[in-house]
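First up is the structure itself, then whatever we jot down about it.
4 protein chains.
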Amino acid sequence: MASRIRYGMVGGGQGAFIGAVHRIAARIDDEYELCAGALSSDPDRALASAQELGLASDRSYKNYQDMITAESARRDRIEAVSIVTPNHMHYPIAKACLEGGFHVICDKPLTVNSEQAAELMALAKAHKRILAVTYNYSGYPMVRQARAMVARGDLGNIRVVQGEYAQDWLTERIEESGQKQASWRTDPAQSGAGGCIGDIGTHTYHLACFISGLKAESVCADLSTFVDGRRLDDNANVMLRFDKGARGMIWASQFATGNENNLQIRIFGDKGGLTWRQEDPNELIFAPLGEPPRRITRGSPAAAEDAARVTRIPPGHPEGYLEGFATIYREIAAAIRAARDGNSPDASVLFPTGEDGAKSVAFVEVVVRSSEAGGSWVSL
Amino acid sequence: MASRIRYGMVGGGQGAFIGAVHRIAARIDDEYELCAGALSSDPDRALASAQELGLASDRSYKNYQDMITAESARRDRIEAVSIVTPNHMHYPIAKACLEGGFHVICDKPLTVNSEQAAELMALAKAHKRILAVTYNYSGYPMVRQARAMVARGDLGNIRVVQGEYAQDWLTERIEESGQKQASWRTDPAQSGAGGCIGDIGTHTYHLACFISGLKAESVCADLSTFVDGRRLDDNANVMLRFDKGARGMIWASQFATGNENNLQIRIFGDKGGLTWRQEDPNELIFAPLGEPPRRITRGSPAAAEDAARVTRIPPGHPEGYLEGFATIYREIAAAIRAARDGNSPDASVLFPTGEDGAKSVAFVEVVVRSSEAGGSWVSL
Amino acid sequence: MASRIRYGMVGGGQGAFIGAVHRIAARIDDEYELCAGALSSDPDRALASAQELGLASDRSYKNYQDMITAESARRDRIEAVSIVTPNHMHYPIAKACLEGGFHVICDKPLTVNSEQAAELMALAKAHKRILAVTYNYSGYPMVRQARAMVARGDLGNIRVVQGEYAQDWLTERIEESGQKQASWRTDPAQSGAGGCIGDIGTHTYHLACFISGLKAESVCADLSTFVDGRRLDDNANVMLRFDKGARGMIWASQFATGNENNLQIRIFGDKGGLTWRQEDPNELIFAPLGEPPRRITRGSPAAAEDAARVTRIPPGHPEGYLEGFATIYREIAAAIRAARDGNSPDASVLFPTGEDGAKSVAFVEVVVRSSEAGGSWVSL
Amino acid sequence: MASRIRYGMVGGGQGAFIGAVHRIAARIDDEYELCAGALSSDPDRALASAQELGLASDRSYKNYQDMITAESARRDRIEAVSIVTPNHMHYPIAKACLEGGFHVICDKPLTVNSEQAAELMALAKAHKRILAVTYNYSGYPMVRQARAMVARGDLGNIRVVQGEYAQDWLTERIEESGQKQASWRTDPAQSGAGGCIGDIGTHTYHLACFISGLKAESVCADLSTFVDGRRLDDNANVMLRFDKGARGMIWASQFATGNENNLQIRIFGDKGGLTWRQEDPNELIFAPLGEPPRRITRGSPAAAEDAARVTRIPPGHPEGYLEGFATIYREIAAAIRAARDGNSPDASVLFPTGEDGAKSVAFVEVVVRSSEAGGSWVSL
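Residue numbers (the working numbering), protein chains in the order written: chain A, 2 to 381; chain B, 2 to 381; chain C, 2 to 381; chain D, 2 to 381.
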């Protein structure tokens with residue numbers, strides 16, 4: 002294996018959500034090593050968070066400016082920076098990173114307006130640095146599969162693209178209660194001009210374009226704010242006109258009770274249709290004209306090379322498989338740590354022990370005995 | 002964070018499946034560090050595999066005996082060993098590890114017979130070492146939730162437990178074609194007396210007991226081998242009698258076409274019933290007597306503390322969310338590595354770039370403009 | 002039982018679809034008796050169709066004018082007329098019927114423009130006759146349930162209503178091939194100004210209002226015709242603004258491959274959300290704020306009185322249950338008719354015979370014997 | 002149309018369930034005419050029930066013996082008799098009917114033991130009369146489709162047949178509360194030796210044989226009674242061995258909370274697998290070996306001739322479509338009856354009126370106007 006890529010992180014300290022996700026994502030394929038961090042806009046929290054993550058104390062920074070200055074001077078300097086702050090800070094941090102010669106991995110949205118976005122793209126080009134934005138849903142195998150199928154013509158000419166992204170976590174005005182995720186997302190100063198449309202509508206839009214290969218030409222939109230006192234839209238109805246005559250709609254809502262994270266894309270051409278639902282991400286429903294719909298699953302023979310390339314585990318093992326396995330490992334770690342001091346782990350630790358293993362061995366034995374006896378009852 | 006646990010691995014070299022899963026699982030929560038390995042029964046492949054994983058050359062061993070001897074002598078010796086070999090090797094390796102004072106994380110089944118299992122348990126006890134078996138499905142949040150609900154009486158007295166595990170990858174005699182996974186699993190010398198019942202039936206059995214808290218007392222079984230020339234069962238029909246009068250059935254099959262990895266547990270008591278399906282692992286269907294069935298999802302308010310403890314991401318984000326994110330990171334890594342030499346990454350690299358980010362920023366802008374104009378068409 | 006209502010039918014002859022549906026619907030509850038008909042605009046076909054249905058020859062009419070005249074003069078005259086012709090004929094026929102003192106049951110749409118509709122309403126009022134339009138989806142038990150739940154406040158204040166109706170039968174230009182259903186539906190002269198929006202969008206609109214109790218105030222629409230040469234829209238994107246501040250969207254399409262008749266309504270208020278899908282009509286998903294979503298099924302204790310009133314069979318027996326039963330009866334009828342002449346029915350007749358019944362009786366016997374023997378194998 | 006078949010009914014009076022289902026089934030295709038009845042074992046209830054159904058008073062009988070005697074003497078005598086009594090009465094009634102020269106349509110099970118069944122078969126043969134048993138699930142189009150696919154070899158050689166039928170209506174001892182359906186079904190004197198296995202297990206068994214074309218050779222069964230005081234089994238676990246080496250299991254339960262009427266059959270051969278679920282009866286999942294599973298729907302081009310022959314409505318219109326339509330008709334009938342006396346119908350009558358029709362006409366008009374204006378807001 003080539004050596005790991007050293008990276009730093011801005012944002013993602015205690016209480017944050019997406020920063021931890023970026024770190025796990027970076028570990029899964031063992032391609033990165035987190036070496037530095039300016040993990041919070043609050044300097045004390047930044048340092049405490051870094052300690053918790055086991056960062057070296059001399060690479061735990063109070064703010065991103067310090068990180069850029071200090072890392073630039075190191076021999077083993079980081080190559081890349083993950084930016085996982087509220088939206089309004091993406092621009093200044095990314096700018097400083099690119100100017101300092103660091104690759105940038107920025108959480109979405111890239112910036113809060115188009116001028117900033119254009120400037121960052123120009124900087125990335127000038128400094129020959131990678132500028133990536135984590136529209137993460139484009140990383141799913143069956144999204145890649147869908148894109149490949151459209152590209153190779155399985156759907157014919159695309160006519161209609163319907164996208165939706167329904168959540169319910171903002172049904173009430175929880176931004177008032179100090180819920181950190183809600184408060185910055187509903188604050189125009191931190192989020193930009195779009196609330197729901199910016200936070201989740203953009204995922205839908207990106208995916209619609211990513212899969213269909215189409216370019217949107219114009220929109221007609223009806224944004225609404227239903228929760229009293231909220232400062233940004235929490236429901237977005239949008240009609241779209243794409244190039245090549247295609248049409249579409251996007252619905253995004255943050256109070257659609259019963260929808261946790263219901264992102265869905267449906268695409269129809271003159272030869273067939275495709276449906277992908279994020280809450281059931283391992284399958285893609287393909288309906289070729291005049292034939293029964295098929296369920297194409299991740300890892301199956303029907304999945305294209307583009308999907309296979311980003312598939313880690315076999316078909317039928319939903320991607321949570323890796324997490325379930327990780328939980329067993331985590332609990333074993335707790336037991337090993339306890340054992341270091343001669344203790345037992347907490348009662349909540351439930352990994353299967355040797356005894357569980359022995360019981361299953363015995364189970365196979367009696368099943369085989371029962372069956373060999375022609376199928377009669379055998380005690381365990 | 003406490004320091005990582007150093008561990009070694011036996012098996013899991015090139016061409017293996019479950020070894021890579023164990024390594025990813027160990028990385029996800031950043032609790033382990035892979036320091037040593039005897040990764041194949043073929044010494045050359047063992048060394049090549051270790052190099053690919055970036056193991057230090059002096060901790061890359063030709064076989065497990067060497068690993069145990071050498072690691073025992075080191076100051077920074079590994080604490081734990083993951084055993085991911087074919088079944089028949091679990092016993093001698095685990096025995097040697099436990100006798101050497103190492104914790105053991107063994108893939109299932111623990112051993113190929115009950116005598117070996119009993120001996121390993123005794124050794125673990127005598128040496129005060131952890132002996133864990135990776136019945137990984139017990140690590141899923143909603144399995145924990147199910148167990149907690151049974152334990153707190155939500156189902157009342159358990160009457161019936163129905164388990165099934167249907168796969169289709171052995172519908173034909175692929176063990177003859179050199180498919181490595183198939184060939185050892187259908188070889189009694191490597192797998193033990195149970196084929197399908199051992200490979201997947203035991204997962205079902207473990208889960209049935211893990212969730213229900215019941216103990217099986219007797220079985221009546223009908224094992225069959227349908228594929229000509231196969232040496233172990235590929236279909237298992239089993240009826241069970243549990244303690245406290247409960248009854249159950251397990252069906253396991255490896256040629257149930259259309260079933261990739263369809264593990265399912267249903268439990269019914271006198272106050273309600275539960276269904277969990279591994280292919281839709283983020284939900285648990287709970288049907289209380291006389292009321293509409295509810296869909297309890299991972300991460301939702303209805304999920305118990307036992308589920309929350311092993312939940313990493315919010316409701317509605319199926320656990321594949323972390324993998325999708327990891328794919329974006331992997332592709333950015335490829336781009337960064339290419340950039341080191343002034344190159345562009347391969348065309349298959351599809352992570353969202355600054356341009357994608359800019360397009361979405363522009364999208365929000367026009368949507369907001371359209372909506373502010375009362376809902377009229379605005380060009381992009 | 003009160004005596005049956007005598008009715009006549011205009012349209013619905015050989016080759017038609019919806020007329021047969023109206024006749025079956027009228028028979029299911031045994032409340033009507035078909036006594037007269039002007040079943041086709043082609044007089045010969047009208048008479049042949051009437052003969053096939055077993056109408057008395059003196060009440061089989063060449064056209065609706067004749068039917069109205071002749072029936073008006075009879076003592077046992079029909080009371081009601083079902084109009085199941087192409088859209089453009091609804092108005093003149095309904096007008097004549099109402100003026101003749103007959104109740105009118107008109108397939109949707111009522112007319113092809115608002116002026117005609119207003120005139121018919123006025124006539125119905127003046128003549129004190131029933132004027133009904135078969136927006137049939139409002140007859141489903143779980144649609145009634147949804148309406149009742151909104152009305153009693155289970156969802157709180159309604160914020161968003163999302164409707165869609167996706168079909169795929171017009172993906173190609175089948176109207177050119179002489180397909181009768183397609184040709185009149187895509188002909189402005191017979192259908193009116195709306196194609197897809199009129200044929201299926203109106204069902205969605207009616208249901209959205211029926212369930213939500215809201216009144217639409219304005220629309221912003223984007224109708225498209227994708228199939229070359231088609232004369233009316235085949236895709237409709239519509240944004241709606243309802244009274245009380247609610248918003249909504251309707252998507253209707255006739256080329257959404259893989260969607261046979263996918264009508265779906267989702268309604269969200271500040272206390273909960275509801276989803277009903279016509280292709281799974283026996284269930285309603287209700288998501289109360291902060292609690293797990295529930296599946297309310299037709300006939301279950303959770304279903305309201307409004308649903309129970311229109312429920313014929315128990316929960317879990319999808320409404321096709323009655324049809325399956327009818328098929329058995331139909332095949333037995335074929336056998337009885339054959340037996341009249343001493344013949345056997347056609348080989349396609351598959352109703353369960355005495356022999357099938359005997360086999361099942363024997364099955365129970367051996368199962369009981371096996372179980373009584375403690376669970377051992379018993380031959381059949 | 003050929004003339005209708007005149008039939009009589011034994012059982013099915015007030016308070017009964019299946020009798021009404023038989024009558025609706027007989028009406029749907031308009032092939033039968035109910036002319037006589039002995040509708041209850043209680044003579045008064047028999048007469049009251051007949052009156053409610055509108056039977057002629059001279060053909061409303063106190064018991065089946067009277068009906069057979071009187072009808073035999075009539076010129077317009079009935080040809081067939083539907084028997085919808087508790088199980089133990091099937092034999093004497095069917096015997097008398099066959100001996101009297103009437104065709105018999107008997108609800109399942111045919112009889113309570115094999116001797117009776119054999120005798121009825123012999124009588125039917127001797128008298129050349131039809132003896133049918135309403136295993137109604139064999140009348141579903143997609144069950145016919147499944148049978149046709151097995152017969153034409155789409156699945157190859159059948160290896161495994163898994164059947165299940167889970168209900169929850171007998172989770173508690175409701176037979177004690179006077180619930181009529183529960184009390185006779187749990188009474189050995191009325192039901193025979195099998196409780197759950199007889200009531201619902203036999204449906205599963207019939208369907209397993211009907212679809213697979215296999216013959217069961219032996220069973221190994223474990224019947225249980227979980228509800229205290231119940232006199233017959235309420236849970237049945239059965240393993241089966243079929244001819245040609247196939248194996249199978251049947252699980253039937255009447256206390257599987259959350260399962261209303263969950264009958265399911267899965268069949269696997271060496272070339273593919275099929276799944277049919279009664280609660281989603283319009284689809285059949287077909288998984289050919291090595292290809293993505295397909296969803297074959299009733300009425301679609303992929304459905305075989307055997308399914309098409311028993312299909313009444315188009316794909317995507319679940320069979321409840323007919324019932325929804327019937328509800329509209331029923332409510333219109335209520336309105337017409339009320340209008341006869343110059344009254345309005347009850348407030349619960351909700352059929353769409355001319356006003357509803359007019360609103361939808363107006364909706365299409367404004368949608369078209371909005372779209373023609375390029376997509377701008379238009380008021381209703």
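Heads up, the beta-carbon is just placed ideally off N, CA and C, and yes, glycines get one too.
Of all residues in the stretch 245 to 266 of chain A, the ones placed with a Cβ closer than 7 Å to any Cβ belonging to chain C are R248, M250, W252, S254, F256, A257, T258, G259, in chain order.
For a Cβ distance threshold of 7 Å, nothing in chain C lies close to W277 (chain D): the least Cβ distance comes to about 12 Å.
Contacts between L290 (chain A) and chain C, judged by CB atoms closer than 7 Å, involve T172, T258 in chain order. Around the beta carbon of T70 (chain A), fewer than 16 other beta carbons sit within 10 angstroms, so the residue counts as exposed. Excluding sequence positions up to five before and after Y62 (chain D), its CB lies within less than 6 Å of the CB of A39, M68, all in the same chain and listed in chain order.
Partner residues in the beta bridge of Y33 (chain B), as assigned by DSSP, are B:I6. Residues of chain A whose Cβ lies closer than 8 Å to the Cβ of C221 (chain C) are, in chain order, C221, D223, M240. With fewer than 16 other Cβ atoms inside 10 Å of its own Cβ, Q52 (chain D) counts as exposed. When B:D342, B:R338, B:L275 are compared, the shortest CA-CA separation from Q146 (chain B) is found for B:L275. Here the stretch 187 to 201 of chain B lies against the stretch 93 to 113 of chain B, with 3 or more beta-carbon pairs under 8 Å apart. For R186 (chain C), the enclosing alpha helix (DSSP H) starts and ends at 181 to 186. Beta-bridge partners of T298 (chain A) (DSSP): A:E284. The beta carbon of R331 (chain D) sits no closer than 8 Å to any beta carbon of chain A. Excluding five sequence positions before and after R174 (chain B), the CB atoms of its chain that fall closer than 8 Å to its own CB belong to V228, D229, G230, R231, given in chain order.
Counting along the chain, the unbroken beta strand (DSSP E) around V379 (chain B) starts and ends at 378 to 380.
Going by DSSP, G164 (chain A) is part of the beta strand (DSSP E) stretching over 159 to 167. Where H104 (chain B) is concerned, the enclosing beta strand (DSSP E) starts and stops at 104 to 107. Identification of chain C residues near V161 (chain A) by a Cβ-Cβ cut-off of 9 Å yields S225, F227, N236, N238, W252, S254, F256, A257, ordered along the chain. Cβ-Cβ separation between A26 (chain D) and I329 (chain C): approximately 7 Å, consistent with a contact (criterion under 8 Å).
Closest option to N263 (chain C), judged by alpha-carbon separation, among C:L54, C:F211, C:W252: C:W252. According to DSSP, residue pairing for I268 (chain D) in a beta bridge involves D:V162, D:L275.
Pairing S301 (chain B) with V369 (chain B), the inter-Cα distance amounts to about 32 Å. G14 (chain B) and A49 (chain B) have their C-alpha atoms roughly 8 Å apart. DSSP places V134 (chain D) in the uninterrupted beta strand (DSSP E) bounded by 132 to 134. Cβ neighbours of A222 (chain A) within its own chain (closer than 6 Å, five residues either side excluded): V239. Under the DSSP definition of a beta bridge, W252 (chain B) partners with B:E165, B:N238. Burial check for P44 (chain B): the Cβ neighbour count within 10 Å stays below 16, so the residue is exposed. Under a 10 Å Cβ-count criterion, E284 (chain A) is classified as buried, with 16 or more other Cβ atoms of the shown protein chains found around its own Cβ. Of A:V144, A:V82, A:G12, the smallest CA-CA separation from A97 (chain A) is found for A:V82. In the three-state reduction of the DSSP assignment, T226 (chain C) falls in the coil class. For L99 (chain D) and A217 (chain D), the gap between their C-alpha atoms comes out near 29 Å.
Contact check between the stretch 122 to 129 of chain B and the stretch 370 to 379 of chain A: fewer than three CB pairs, one atom from each, fall below 8 Å, which does not count as touching.
Put simply, of B:K129, B:D188, B:L35, B:L54 the residue whose alpha carbon is nearest the alpha carbon of P87 (chain B) is B:D188. Using a Cβ-Cβ cut-off of 8 Å, F269 (chain A) counts as an interface residue toward chain C, since at least one Cβ of chain C sits closer than that to its own.
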